Every structure is written in C-alpha cells, then in structure tokens.
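Below is one structure, written out as structure tokens; comments come after it.
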Amino acid sequence: MIGAGRLRDTPQRYGLVSRALHWAAAYLLLWQFATLLGWRWLGDGPVMRAVSLLGPYHGTVGVLILALLLPRMAWSLVERRRRPRDAPTALGRLRAGVHGAFYALMLLVPGLALARAYGNGKGYELWEIALIPATGVTMEWLVAPADLLHGPLAWTLAALIAGHVSMALIHHFARGDETLRRMAGALDDDRAEGDARQRRGPRSGR
Numbered sequence: 009m010i011g012a013g014r015l016r017d018t019p020q021r022y023g024l025v026s027r028a029l030h031w032a033a034a035y036l037l038l039w040q041f042a043t044l045l046g047w048r049w050l051g052d053g054p055v056m057r058a059v060s061l062l063g064p065y066h067g068t069v070g071v072l073i074l075a076l077l078l079p080r081m082a083w084s085l086v087e088r089r090r091r092p093r094d095a096p097t098a099l100g101r102l103r104a105g106v107h108g109a110f111y112a113l114m115l116l117v118p119g120l121a122l123a124r125a126y127g128n129g130k131g132y133e134l135w136e137i138a139l140i141p142a143t144g145v146t147m148e149w150l151v152a153p154a155d156l157l158h159g160p161l162a163w164t165l166a167a168l169i170a171g172h173v174s175m176a177l178i179h180h181f182a183r184g185d186e187t188l189r190r191m192a193g194a195l196d197d198d199r200a201e202g203d204a205r206q207r208r209g210p211r212s213g214r
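Rendered as structure tokens:
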C-alpha cells in the first residue's frame with residue numbers, strides 16, 4: 009500500500025503524483041517529436057506506418073498533453089510550498105523561467121491546433137467525441153495565425169526538451185548532484201537523504 013506521504017512532494021524529492029504527471033507528459037512529448045522526425049526523415053513508408061501503430065496519433069497526443077497540463081498546473085500550485093525549490097541565483101531563475109516556458113508552450117501548441125480545427129470549419133473528433141464542432145465555415149483570421157505559429161512553437165518546445173534532457177544528464181553524470189534523483193530516485197526521504205550523503209562522501213574534519 010502506498011503511503012500518503014509518498015504521493016506528496018517534499019523539499020528533497022517529488023512525490024508519486026508529480027512524477028506520474030511529469031513522466032506521462034515526457035513520454036507523450038518524446039513520442040510526438042520522435043515520430044515527427046521519423047516521418048520527415050524516413051517519409052511515408054512501411055517503416056513509419058508500422059512505428060506509428062505503436063503509440064497514439066499526432067492529434068491524440070496533442071489533446072492528451074493539453075489534458076495533462078491542467079491537473080499538472082493545479083498540482084504544482086497545491087505543492088508549491090512543499091516541493092524542491094530552485095536556488096535564488098541567476099541559474100535558478102533561468103531554470104524557473106524555462107519551466108514556465110514549458111507550461112506556456114504545452115498550452116499554446118495544441119491550443120493553436122484546436123483553434124485551427126475550429127477555424128477551418130472541419131472540427132476535431134477524438135474517440136467519437138466531437139471536441140471541436142465542425143461548422144463548415146472557414147475563419148481565415150483564426151487559421152492564419154495558427155498555421156504561422158504552430159510549427160515554430162512546436163520546434164521551440166522540442167529545443168527546450170533537448171536542452172532540459174541534456175542538462176538533467178549533465179547534472180546527474182558530470183556533477184553527480186540530486187537534480188534527476190528528485191524526479192526518479194527514492195521516495196523515502198530518509199533513504200534519499202542517506203543516499204545523497206553517501207554520494208557526497210564523508211566530510212573532512214579540521
């Protein structure tokens with residue numbers, strides 16, 4: 009049985025709820041961009057058609073990312089005083105700004121796609137549920153900015169993801185700090201703190 013304490017965040021690590029929301033979004037985003045690059049590099053052939061059957065389709069991923077974002081934002085507000093905090097330094101402020109950009113882009117990119125579906129009058133249906141009604145009316149003022157911004161903002165998000173993953177790996181393997189372990193390490197605070205002390209090694213006396 010999972011203890012309630014493991015569901016919540018602490019200053020030492022993120023809890024199960026935060027981890028589930030984070031890694032679910034990570035899977036969806038990595039799948040989305042991996043398949044996009046696959047279609048671009050390999051083309052519409054048997055390989056990519058087979059690969060695309062292994063996960064959700066492009067539009068489905070966008071809706072799921074948007075659906076995950078709302079509870080993730082709500083949970084981050086609930087846990088804001090409990091979870092690990094960025095250091096009050098320039099690097100810490102940069103990290104907080106990057107996380108804010110992640111949230112903004114995860115809202116804007118699929119939001120623009122849904123706006124385009126409404127603007128071109130075709131609507132959007134997922135699992136036989138009409139998320140966006142098909143009006144049959146084209147609204148160019150809505151379609152044009154969505155066409156203009158959806159792709160560039162999506163690749164901006166991809167660049168942020170690449171940077172985020174790279175920095176997490178650098179912190180983990182090169183610097184040996186706790187950044188990655190906060191989201192993927194031990195859930196028991198005493199164990200996590202003990203592991204951290206062991207990695208830092210004994211302090212030298214005077």
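Here the sequence shown stands for residues 9 to 214, numbered as in the working numbering.
Each residue gets a CB set at the ideal place from its N, CA and C atoms; glycine is no exception.
These numbers were taken from a predicted model, which means no experiment stands behind them.
Boundaries of the beta strand (DSSP E) around glutamate 133: 132 to 134. By the Cβ criterion, the segment 38 to 50 is not in contact with the segment 75 to 83, since fewer than three pairs of Cβ atoms, one from each stretch, lie closer than 8 angstroms. By the Cβ test, the segment 113 to 124 is not in contact with the segment 88 to 98, since fewer than three Cβ pairs between them sit closer than 8 angstroms.
For isoleucine 73, DSSP records no beta bridge to any residue. Residue environment for isoleucine 137: exposed (fewer than 16 other C-beta atoms within 10 angstroms of its C-beta). Beta-bridge annotation (DSSP): isoleucine 169 is not paired with any residue. Looking at the backbone, the Cα of arginine 16 and that of tryptophan 149 are separated by about 44 angstroms. It is roughly 12 angstroms from the alpha-carbon of histidine 30 to the alpha-carbon of histidine 107.
Residue state for leucine 139 is assigned as strand, using DSSP reduced to three classes.
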